[in-house]
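Data block below; observations after.
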Amino acid sequence: MITQWFGTFLHDGKKIVKTILFPKDEEEVAERLLMIKKGKILEEERELVKGSKDVITNDVRLSKIAEYHPNVSLFKTVEIRPETYGFNLGLLQKASVKVAESETMEYLEKRDLQVIQMIKSFDELVSFSNNLSERFNEWNSLPSPDDSIIVISELKKQVEHAIDSLEKNFSSLCKKWHRILQR
62 MITQWFGTFL HDGKKIVKTI LFPKDEEEVA ERLLMIKKGK ILEEERELVK
112 GSKDVITNDV RLSKIAEYHP NVSLFKTVEI RPETYGFNLG LLQKASVKVA
162 ESETMEYLEK RDLQVIQMIK SFDELVSFSN NLSERFNEWN SLPSPDDSII
212 VISELKKQVE HAIDSLEKNF SSLCKKWHRI LQR
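Take 62 as the starting number for the sequence shown in this note's numbering and just add one per residue.
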């Protein structure tokens with residue numbers, strides 16, 4: 062069993078005996094390429110092996126539906142040309158661009174989530190710091206503050222340090238993100 066960017070093929074050692082081609086659409090091809098990159102088995106691959114026995118592959122990704130043999134020389138000698146099946150490399154190029162766009166968006170969405178979480182944490186820490194400052198000032202105004210004010214004072218310093226650290230990390234992350242978007 063061999064999967065190319067344009068379809069999946071069953072070879073008996075002499076010739077291709079079964080073929081399932083992908084749609085000649087850049088979005089469809091890109092979707093399948095992404096699934097392959099993520100290690101998923103395509104529906105066409107499952108369909109191809111249905112009813113067949115002793116199917117082998119040199120693709121570890123397909124080891125759940127075919128017997129994995131990485132060193133079978135047949136896989137090195139079989140040449141399956143896209144042109145033979147009416148596909149051209151222009152379609153592959155367009156699909157590859159779609160894959161790159163999709164992966165970039167996925168990466169940026171992860172970064173977006175990080176920034177959102179960082180901002181929420183920052184807001185919560187600032188709110189907490191403000192509450193501590195209020196309590197600290199109230200306790201300081203009491204005639205005889207006890208040792209608990211020292212604990213609150215230390216906690217306030219730690220929160221302020223965390224806020225400063227988060228501000229620096231946020232600033233650094235924004236600069237990196239800006240450089241990525243400029244590419």
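Every residue gets a Cβ at the ideal spot worked out from N, C-alpha and C, and that includes glycine. No experiment lies behind these values; they were computed from the predicted model shown.
- Looking at the backbone, the Cα of Thr145 and that of Asp73 are separated by about 18 Å.
- Excluding the 5 residues flanking it on each side, Arg122 has same chain C-beta neighbours closer than 6 Å at Gly100, in chain order.
- The stretch 158-167 and the stretch 91-99 touch, with no fewer than 3 CB-CB distances between them shorter than 8 Å.
- Under the Cβ criterion (8 Å, minimum of three pairs), the stretch 102-113 does not count as touching the stretch 190-201.
- His222 and Lys159 have their C-alpha atoms roughly 44 Å apart.
- Val78 and Asn149 have their C-alpha atoms spaced approximately 22 Å apart.
- In the DSSP assignment, Lys76 falls outside any beta strand (DSSP E), carrying neither H nor E.
- The alpha-carbon of Gly68 is positioned some 45 Å away from that of Ile180.
- By the CB criterion at 7 Å, Phe197 and Leu227 fall outside the cutoff.
- Under a 10 Å Cβ-count criterion, Leu109 is classified as buried, with 16 or more other Cβ atoms of the shown protein chains found around its own Cβ.
- The criterion of a C-beta distance shorter than 7 Å is not satisfied by Glu87 and Lys137.
- For Asn119 and Leu95, the gap between their C-alpha atoms comes out near 19 Å.
- If you compare the alpha carbons of Ile117, Lys125, Gly112 with that of Asn132, the shortest gap goes to Ile117.
- Under the three-state reduction of DSSP output, Leu82 falls in the strand class.
- Taking the C-beta atoms as reference points, Ile224 is found nearer than 7 Å to Leu186.
- Here the alpha carbon of Val220 sits roughly 23 Å from the alpha carbon of Leu174.
- Counting only runs of 4 or more residues that sit fully inside the stretch 123-161, the alpha helix (DSSP H) segments are 135-138, in chain order.
- Rounded to whole angstroms, the Cβ separation of Gln65 and Ile141 is 6 Å, and the two are in contact under 8 Å.
- Under DSSP, Gln65 shares a beta bridge with Gly68.
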